[in-house]
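S.K.: My structure is below; once you've seen it, I'll send some questions.
Residue numbers (this note's numbering): 1281 to 1341.
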């Protein structure tokens, strides 16, 4: 598969565009999760208030 065929598949077919969108979304979600964890580790000394939202905390019923 040469570059022209790859370019045609990714940018000129519905399947290629769909795959590109899915890959972009997965990369964004992974980057957001990594940055969220780094931020939580950096600001661990901050007290939590009642209204704080934590993406990775389990909700107790």
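Think of the CB as a built atom: it goes at the ideal place given N, C-alpha and C, for glycine as much as any other residue.
Specify, as a first and last residue, the run of the alpha helix (DSSP H) that residue 1326 falls within.
M.R.: Premise fails: residue 1326 is in no alpha helix (DSSP H) and is neither H nor E.
S.K.: Starting from residue 1330, trace the alpha helix (DSSP H) both ways and give me its first and last residue.
M.R.: Run containing residue 1330: none; DSSP gives neither H nor E here.
S.K.: Taking just the CA atoms, how far does residue 1303 sit from residue 1313?
M.R.: Cα to Cα, the separation comes out at about 15 Å.
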